[in-house]
Amino acid sequence: MLTTDGLRQRFSDPDGLDPAAGQVRRAQWEDKSLLVLLLGAAQERYWRVAPVSIDPTGEDENSLVLAAQRSAFSVEVTVWAGLQACLPTAVLSRVVDVWETDVTTWCASPGATVPAAARRGQFAMPYGPDAEVRADLQDMLETLAEAPLVPVRQTTTFDVAAAATRVGLNVLVEALGLAIPAVVKIVKGKAAVTEDQAAILARLFGVAVGDVLAAVNGLPAELAVELERPRWRSVWQTWAAQLRRAEDAVRFQVGARVFALGYRQTGTTGTPNWDSRIAHWLADHDVKDMSGGT
Numbered sequence: 287m288l289t290t291d292g293l294r295q296r297f298s299d300p301d302g303l304d305p306a307a308g309q310v311r312r313a314q315w316e317d318k319s320l321l322v323l324l325l326g327a328a329q330e331r332y333w334r335v336a337p338v339s340i341d342p343t344g345e346d347e348n349s350l351v352l353a354a355q356r357s358a359f360s361v362e363v364t365v366w367a368g369l370q371a372c373l374p375t376a377v378l379s380r381v382v383d384v385w386e387t388d389v390t391t392w393c394a395s396p397g398a399t400v401p402a403a404a405r406r407g408q409f410a411m412p413y414g415p416d417a418e419v420r421a422d423l424q425d426m427l428e429t430l431a432e433a434p435l436v437p438v439r440q441t442t443t444f445d446v447a448a449a450a451t452r453v454g455l456n457v458l459v460e461a462l463g464l465a466i467p468a469v470v471k472i473v474k475g476k477a478a479v480t481e482d483q484a485a486i487l488a489r490l491f492g493v494a495v496g497d498v499l500a501a502v503n504g505l506p507a508e509l510a511v512e513l514e515r516p517r518w519r520s521v522w523q524t525w526a527a528q529l530r531r532a533e534d535a536v537r538f539q540v541g542a543r544v545f546a547l548g549y550r551q552t553g554t555t556g557t558p559n560w561d562s563r564i565a566h567w568l569a570d571h572d573v574k575d576m577s578g579g580t
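The sequence shown begins at 287 in the numbering used here and counts up by one.
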């Protein structure tokens, strides 16, 4: 049931499901990966989760140990309810199981009465194997919680294009040490800048570094949320591997191109359907179109 074919038989499209409480998903970023039970949405771009361990199972007094018949894993499974954390939606991969409400409710707020076919975990001995499992899970949760979000464009009255026209494109090219096309992309909001580059631009424009970062870097909030949905992860991961770039860089680069295309088509009026726009852009492009960067 946990093979790709088994998951497709059960969920049809395990990569396409939106996150929901009760789902067990793989949470992964770079070389850190673990199973988590989704307990509920924490914020628009975060989920409250509890880590799940199977082999080695491990347990402590704040965990819930499920019998084999209560999950698709067919072995005892531990939900570490005492290690709850808020993780970015962007680290969530495909659904591997869905558990009943009584399990999710208990793990969200452990009580005296445990669900059927489950038991409360036993105390973990200091420096014992259970404590080691708990420590490893804590470390992975902390790393996953720090996974980068898609930068969101902040509201600002600073007009980069107008400031660039005033200073002159040649001056920007010389100051940044970049080719003209790269500078044009920055000015048009199609490419992000580093903090060092933002400092150079701020000095030339006579504004604060924060004003430059707010005006140049980032995408609309609605687009950022869409880019971070699990349904797109396999694309970002596959392209990142082929391009030998970081997943978050590829995700942002595609988002910047989708945003630029949407802006050319509709300007600033209305709220685009970003789900559809990403799907259409991906249908018309492949990884070769990203070989030159954003």
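Beta carbons: idealized from backbone N, C-alpha and C, even for Gly.
* Asked: Pairing CB atoms from the stretch 366-384 with CB atoms from the stretch 333-343, are three or more of them under 8 Å?
  -> Yes, they touch.
* Reduced DSSP secondary structure (H/G/I, E/B, other) of T364 -> strand
* **P467 (DSSP reduced to helix, strand or coil)** => helix
* Would you mind working out which of K318, A421, P412, L427 sits nearest C372, comparing C-alpha positions? => L427
* To do: Determine the direct distance from the alpha carbon of V469 to that of G553, and round the result to whole angstroms.
  => Here G553 scores only 49 on pLDDT, less than 50, and its place in the model should not be relied on; the value that follows carries that caveat. Roughly 22 Å separates the two Cα atoms.
* To do: Determine the burial state of A433: buried for a count of at least 16 other Cβ atoms within 10 Å of its Cβ, exposed for fewer.
  => Burial state of A433 is buried, judged by a 10 Å Cβ sphere holding 16 or more other Cβ atoms.
* P305 in three-state terms, based on DSSP -> coil
* Sub-9 Å separation of A417 and M411 beta-carbons -> yes
* DSSP-derived helix/strand/coil call for D570 -> helix
* Asked: Is the number of C-beta pairs between the stretch 341-352 and the stretch 290-305 that are closer than 8 Å three or more?
  -> no
* **For Y332, the residue or residues it bridges with in DSSP** => Q329, P374
* Asked: Can you tell me whether Q539 is buried or exposed, with buried defined as 16 or more other CB within 10 angstroms of its CB?
  -> buried
* Are the stretch 450-461 and the stretch 387-405 touching, with three or more C-beta to C-beta distances below 8 Å? -> no
* Between which two residues does the beta strand (DSSP E) harbouring A507 extend? -> Careful: A507 lies outside any beta strand (DSSP E), inside the alpha helix (DSSP H) at 507-513.
* Own chain partners of E508 with C-beta closer than 7 Å, once the 5 adjacent residues on each side are dropped -> If we look at E508 and ignore the five residues flanking it on each side, its Cβ neighbours are T557, W560.
* Name the two residues that bound the continuous beta strand (DSSP E) containing R356. => From DSSP, R356 is part of no beta strand (DSSP E); its letter is neither H nor E.
* Quick one: what's A313 bridged to in DSSP? -> L320, L378
* **Under 9 Å between C-beta atoms of L325 and C393** => Contact flag set, yes.
* To do: Give a yes or no on whether the C-beta atoms belonging to A526 and P437 are separated by under 9 Å.
  => no
* 8 Å contact criterion, which W366 and V310 should meet: CB distance rounded -> In this structure, W366 and V310 do not form a Cβ contact; the two beta carbons are roughly 13 Å apart against a cut-off of 8 Å.
* From M576, V453, W518, pick the residue whose C-alpha is nearest to that of I486; which is it? -> V453
* Are S562 and D301 close, meaning C-beta to C-beta below 9 Å? -> no
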